[in-house]
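So the protein sequences, as listed, match chains A and B.
8 is the number of the first residue of the first sequence in this note's numbering; add one for each residue after it.
8 is the number of the first residue of the second sequence in this note's numbering; add one for each residue after it.
From the three backbone atoms N, C-alpha and C, an ideal C-beta is built for every residue, glycine too.
Here the structure is laid out as structure tokens; the discussion comes afterwards.
2 protein chains.
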Amino acid sequence: MPSDPLPGLEPGLEPGYDVPALPGMSLEEIETPALVLDLDLAEANIALMAERAAAAGVALRPHAKSHRSAEIARMQIEAGAVGVCCQKVAEAEAMVRGGVPDVLLTNDLVDPRKMARAARLARTARLTVICDDPAMVPAWSRAAEDAGVELPMLVEIDAGSAACGIDPGAPAAALAQAVDAAPGLRFAGLQSYCGVAQHIRSPSERRAKISAAAERVRLTLDHLEREGLDCPWVTGGGTGSWEFEAAGPWTEVQCGSYVFMDADYQRDTAAPGQALGEFANALFVLTTVMSKARKGTAMCDAGLKVQTMESGPPRILLPDPGNTGLEVLGCSDEHAKIADPDDLLKLGDRLRMTPGHCDPTVNLHDWLVGLRGETVERLIRVSARGRSL
Amino acid sequence: MPSDPLPGLEPGLEPGYDVPALPGMSLEEIETPALVLDLDLAEANIALMAERAAAAGVALRPHAKSHRSAEIARMQIEAGAVGVCCQKVAEAEAMVRGGVPDVLLTNDLVDPRKMARAARLARTARLTVICDDPAMVPAWSRAAEDAGVELPMLVEIDAGSAACGIDPGAPAAALAQAVDAAPGLRFAGLQSYCGVAQHIRSPSERRAKISAAAERVRLTLDHLEREGLDCPWVTGGGTGSWEFEAAGPWTEVQCGSYVFMDADYQRDTAAPGQALGEFANALFVLTTVMSKARKGTAMCDAGLKVQTMESGPPRILLPDPGNTGLEVLGCSDEHAKIADPDDLLKLGDRLRMTPGHCDPTVNLHDWLVGLRGETVERLIRVSARGRSL
Numbered sequence: 008m009p010s011d012p013l014p015g016l017e018p019g020l021e022p023g024y025d026v027p028a029l030p031g032m033s034l035e036e037i038e039t040p041a042l043v044l045d046l047d048l049a050e051a052n053i054a055l056m057a058e059r060a061a062a063a064g065v066a067l068r069p070h071a072k073s074h075r076s077a078e079i080a081r082m083q084i085e086a087g088a089v090g091v092c093c094q095k096v097a098e099a100e101a102m103v104r105g106g107v108p109d110v111l112l113t114n115d116l117v118d119p120r121k122m123a124r125a126a127r128l129a130r131t132a133r134l135t136v137i138c139d140d141p142a143m144v145p146a147w148s149r150a151a152e153d154a155g156v157e158l159p160m161l162v163e164i165d166a167g168s169a170a171c172g173i174d175p176g177a178p179a180a181a182l183a184q185a186v187d188a189a190p191g192l193r194f195a196g197l198q199s200y201c202g203v204a205q206h207i208r209s210p211s212e213r214r215a216k217i218s219a220a221a222e223r224v225r226l227t228l229d230h231l232e233r234e235g236l237d238c239p240w241v242t243g244g245g246t247g248s249w250e251f252e253a254a255g256p257w258t259e260v261q262c263g264s265y266v267f268m269d270a271d272y273q274r275d276t277a278a279p280g281q282a283l284g285e286f287a288n289a290l291f292v293l294t295t296v297m298s299k300a301r302k303g304t305a306m307c308d309a310g311l312k313v314q315t316m317e318s319g320p321p322r323i324l325l326p327d328p329g330n331t332g333l334e335v336l337g338c339s340d341e342h343a344k345i346a347d348p349d350d351l352l353k354l355g356d357r358l359r360m361t362p363g364h365c366d367p368t369v370n371l372h373d374w375l376v377g378l379r380g381e382t383v384e385r386l387i388r389v390s391a392r393g394r395s396l
Numbered sequence: 008m009p010s011d012p013l014p015g016l017e018p019g020l021e022p023g024y025d026v027p028a029l030p031g032m033s034l035e036e037i038e039t040p041a042l043v044l045d046l047d048l049a050e051a052n053i054a055l056m057a058e059r060a061a062a063a064g065v066a067l068r069p070h071a072k073s074h075r076s077a078e079i080a081r082m083q084i085e086a087g088a089v090g091v092c093c094q095k096v097a098e099a100e101a102m103v104r105g106g107v108p109d110v111l112l113t114n115d116l117v118d119p120r121k122m123a124r125a126a127r128l129a130r131t132a133r134l135t136v137i138c139d140d141p142a143m144v145p146a147w148s149r150a151a152e153d154a155g156v157e158l159p160m161l162v163e164i165d166a167g168s169a170a171c172g173i174d175p176g177a178p179a180a181a182l183a184q185a186v187d188a189a190p191g192l193r194f195a196g197l198q199s200y201c202g203v204a205q206h207i208r209s210p211s212e213r214r215a216k217i218s219a220a221a222e223r224v225r226l227t228l229d230h231l232e233r234e235g236l237d238c239p240w241v242t243g244g245g246t247g248s249w250e251f252e253a254a255g256p257w258t259e260v261q262c263g264s265y266v267f268m269d270a271d272y273q274r275d276t277a278a279p280g281q282a283l284g285e286f287a288n289a290l291f292v293l294t295t296v297m298s299k300a301r302k303g304t305a306m307c308d309a310g311l312k313v314q315t316m317e318s319g320p321p322r323i324l325l326p327d328p329g330n331t332g333l334e335v336l337g338c339s340d341e342h343a344k345i346a347d348p349d350d351l352l353k354l355g356d357r358l359r360m361t362p363g364h365c366d367p368t369v370n371l372h373d374w375l376v377g378l379r380g381e382t383v384e385r386l387i388r389v390s391a392r393g394r395s396l
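See the structure below:
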């Protein structure tokens with residue numbers, strides 16, 4: 008699978024300035040700090056998710072906000088995904104430019120310029136949008152008509168996250184009617200994504216949260232049926248909860264983090280047999296100890312500009328953690344401070360860390376270093392890095 | 008002052024895909040989310056800091072890790088700064104390529120490839136490096152000799168942060184001797200930067216922390232003098248503490264955050280007359296309410312991919328905060344959730360937020376929108392964005 012045909016990959020790329028490695032380098036030659044993807048593990052995660060979704064009878068539409076990479080999106084689609092989800096219009100544009108044919112834009116828009124861009128994108132890709140407020144229907148309708156397209160639109164209902172989404176039942180059905188009646192728009196289904204459920208640690212409590220969301224979806228489906236509106240598509244679900252959504256009435260799941268897995272997801276407990284327990288940590292920050300001036304601690308070169316800390320610190324990966332006591336105490340801009348009670352680390356030692364939260368961590372990097380075994384196979388461009396417009 | 012002469016600013020830049028605004032747009036036309044710099048306030052911060060440092064009799068070498076922008080570095084140097092500090096070699100390279108003639112690399116290196124890059128940079132700019140471990144002196148010496156330069160090197164001493172830095176006194180003096188004896192290297196002075204002092208809230212406690220660091224510097228200066236090593240340069244200090252360092256024995260201060268100021272620095276209490284109390288919040292995230300489906304809350308479009316949360320949430324800027332009760336409850340990847348107890352916000356309302364922590368927030372953006380009054384004057388490239396190698 009080639010990297011994106013974007014400028015700069017081969018000619019003119021300076022290792023150490025633009026990229027931390029070049030294809031053919033050994034793991035030991037990668038400059039740090041670097042974000043490294045173990046390709047065997049990532050491919051296994053992609054295959055496992057596709058297989059389990061198929062077995063559960065739901066479509067898989069991975070969320071590209073996790074990787075922001077058209078190349079990884081194409082890998083997911085080749086493995087059976089129906090397309091991807093995006094949060095932002097610019098992210099969707101980067102995906103379509105990178106060869107992704109089918110995008111669901113899972114976020115609510117209010118700026119007519121963004122709606123116009125989304126509608127224009129629908130000329131060259133299968134693009135679906137969402138809405139949670141009747142006030143936005145006229146602007147969406149104009150954008151679709153101006154672009155000369157019919158935009159499929161999902162109604163987003165509140166899944167119990169107390170975030171976005173119209174109230175289920177009658178308000179949602181009324182919005183669906185308004186969408187379907189608007190020139191240029193076609194009501195295509197429902198979105199119900201429960202973000203807060205993903206990091207509830209206990210599987211029974213996650214299940215209960217999704218059961219409550221399912222009741223809201225069913226209530227809305229009843230109202231839609233009464234009004235004669237067909238609803239073939241119900242989408243939602245993330246890596247932590249999707250098997251509960253797959254039991255219905257969802258028809259499609261939006262898992263994203265499963266490709267990489269992060270330290271925060273590892274704190275979730277998997278239900279017996281749940282795929283969550285089988286996804287591997289495929290992504291790691293490679294870092295070097297660059298100061299060992301203090302007894303009991305070591306400083307390494309992976310700070311807040313290469314990994315984010317809002318979901319807790321990264322986990323140090325050790326072949327045999329034993330009783331090393333090594334753990335990340337905190338990060339400043341360019342340093343992570345490591346507890347090293349037995350002074351096991353030496354200047355120049357290299358460590359792997361699993362980021363606390365993959366999505367914003369990946370967004371700090373222009374390239375993932377794609378590792379096959381102990382050798383850099385290719386660089387994977389984070390083609391929508393920074394594209395939050 | 009022109010923007011960096013980097014490709015893409017005028018031709019080929021797509022508003023909404025590459026940049027949130029173009030010069031000449033009004034504040035209301037800027038697409039969101041965007042990181043906006045109030046140029047009047049930033050220029051006033053830059054002038055105030057230069058004036059106060061001059062009055063205090065210390066050189067000013069602002070830390071470029073705060074802005075990662077060669078254009079802002081040049082503004083600081085035009086106002087009187089002697090040069091800038093950088094944390095990373097690639098950051099320093101971006102500054103030199105952007106016209107900055109004098110860089111102090113304030114971070115310890117262990118990779119000979121990075122040392123070689125730093126030494127090569129010293130051919131075209133005045134570059135100074137640091138070291139906190141005698142084990143690294145031979146590699147630095149080789150790098151300087153290979154590049155055919157004499158590298159000025161500071162010895163970094165522990166300032167009480169329990170992070171990087173050799174022990175003060177005899178160990179530091181021995182390292183200085185080793186540096187001065189090594190071919191290609193010249194001992195040039197000391198670095199003592201106390202990161203942990205910057206966010207101690209009470210000015211008397213900050214002062215006490217810096218007084219303790221000053222004792223460590225003086226102890227080391229005594230040892231250096233006994234050994235006949237000249238030490239004309241002592242550098243350190245940040246926005247929260249620099250006036251304490253300026254009382255001596257420091258000769259130079261490294262403040263960075265003063266250009267922008269963030270919500271975390273606002274929680275520090277300034278000593279009477281301290282510049283910290285006079286710097287303005289010049290940087291803000293501009294965001295739009297994009298869902299108002301729930302009573303009591305509003306969702307806006309500025310999440311973890313446009314502002315970081317590890318130093319606490321951003322502060323909402325209101326012309327008259329009164330008893331609005333508006334505050335940021337938390338951020339997900341692309342959303343901030345706002346408490347709106349009286350439902351004052353409407354879909355499409357735009358808000359300004361002061362980021363919790365400027366340095367990593369700026370590093371998420373390729374461009375700052377430079378605002379003069381209510382009009383976009385220019386785009387300022389974050390030319391070292393993402394350059395942590």
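Buried or exposed (CB count within 10 angstroms, at least 16 for buried), residue i
{"i": "residue 59 of chain A", "result": "buried"}
{"i": "residue 330 of chain A", "result": "exposed"}
{"i": "residue 216 of chain B", "result": "buried"}
{"i": "residue 385 of chain A", "result": "buried"}
{"i": "residue 210 of chain A", "result": "buried"}
{"i": "residue 332 of chain A", "result": "exposed"}
{"i": "residue 13 of chain A", "result": "Its pLDDT being 40, under 50, residue 13 of chain A is placed unreliably in this model, and the value from its coordinates should be taken loosely. Exposed, because fewer than 16 other Cβ atoms sit within 10 Å of the Cβ of residue 13 of chain A."}
{"i": "residue 222 of chain A", "result": "exposed"}
{"i": "residue 264 of chain A", "result": "buried"}
{"i": "residue 229 of chain B", "result": "exposed"}
{"i": "residue 180 of chain A", "result": "buried"}
{"i": "residue 390 of chain A", "result": "buried"}
Per-residue contacts from residue i into chain B (C-beta, under 9 Å)
{"i": "residue 121 of chain A", "result": "23 and 38"}
{"i": "residue 370 of chain A", "result": "311, 312, 340 and 371"}
{"i": "residue 232 of chain A", "result": "By Cβ distance, chain B contributes nothing, its closest Cβ being about 23 Å from residue 232 of chain A, past 9 Å."}
Beta-ladder partner(s) of residue i, from DSSP
{"i": "residue 344 of chain B", "result": "B:306 and B:337"}
{"i": "residue 322 of chain B", "result": "B:361"}
{"i": "residue 196 of chain B", "result": "B:161"}
{"i": "residue 22 of chain B", "result": "B:26"}
{"i": "residue 81 of chain B", "result": "Answer by DSSP bridge pairing: none, since residue 81 of chain B is not bridged."}
{"i": "residue 137 of chain A", "result": "A:161"}
{"i": "residue 352 of chain A", "result": "Answer is none; residue 352 of chain A lacks a bridge partner."}
{"i": "residue 92 of chain A", "result": "A:70 and A:111"}
Closest Cα partner of residue i within the set the options
{"i": "residue 28 of chain A", "options": "A:252, A:326, A:255 and A:374", "result": "A:374"}
{"i": "residue 169 of chain B", "options": "B:196, B:189, B:44 and B:139", "result": "B:139"}
{"i": "residue 247 of chain A", "options": "A:226, A:222, A:277 and A:219", "result": "A:277"}
{"i": "residue 328 of chain B", "options": "B:119, B:294, B:349 and B:254", "result": "B:349"}
{"i": "residue 79 of chain B", "options": "B:298, B:289 and B:25", "result": "B:289"}
{"i": "residue 269 of chain A", "options": "A:380, A:131, A:82 and A:369", "result": "A:369"}
{"i": "residue 273 of chain A", "options": "A:243, A:336 and A:207", "result": "A:207"}
{"i": "residue 313 of chain A", "options": "A:107, A:122, A:341 and A:25", "result": "A:341"}
Per-residue contacts from residue i into chain A (C-beta, under 8 Å)
{"i": "residue 317 of chain B", "result": "311, 315, 316, 317 and 338"}
Chain-ordered neighbours of residue i on chain A, where CB pairs are closer than 9 Å
{"i": "residue 216 of chain B", "result": "Neighbours of residue 216 of chain B on chain A: none; closest Cβ ~16 Å, over 9 Å."}
{"i": "residue 156 of chain B", "result": "By Cβ distance, chain A contributes nothing, its closest Cβ being about 18 Å from residue 156 of chain B, past 9 Å."}
7 Å Cβ cut-off: residues of chain B touching residue i
{"i": "residue 27 of chain A", "result": "396"}
{"i": "residue 124 of chain A", "result": "23"}
{"i": "residue 100 of chain A", "result": "24"}
Within chain A, the residues that residue i reaches when beta carbons sit closer than 7 Å
{"i": "residue 173 of chain B", "result": "300"}
Under 8 Å from the C-beta of residue i: neighbouring residues of chain B
{"i": "residue 354 of chain A", "result": "117, 140, 142 and 143"}
**Q.** Within 9 Å of chain E by C-beta, residues of the stretch 285–314 of chain A in sequence order
**A.** In the displayed structure, chain E is absent; the protein chains listed are A and B.
Q) Okay, do the stretch 144–152 of chain A and the stretch 181–193 of chain A touch, 3+ Cβ pairs below 8 Å being the bar? A) Counting Cβ pairs under 8 Å, three or more are found: they touch.
Q: State whether the stretch 39–54 of chain A contacts the stretch 228–239 of chain A, with contact taken as three or more CB pairs (one from each stretch) at a distance under 8 Å.
A: At 8 Å Cβ cutoff, the stretches do not touch.
Q.
Across the stretch 249–266 of chain B and the stretch 56–76 of chain B, are there enough close Cβ pairs to call them in contact, namely three or more that are closer than 8 Å?
A. Counting C-beta pairs closer than 8 Å gives three or more between the stretch 249–266 of chain B and the stretch 56–76 of chain B, which meets the contact rule.
Q.
Assess contact between the stretch 341–360 of chain B and the stretch 313–329 of chain B, defined as three or more Cβ pairs (one per stretch) separated by less than 8 Å. Is contact present?
A. Using a C-beta cut-off of 8 Å, the stretch 341–360 of chain B makes contact with the stretch 313–329 of chain B, since at least three inter-stretch Cβ pairs fall below that distance.
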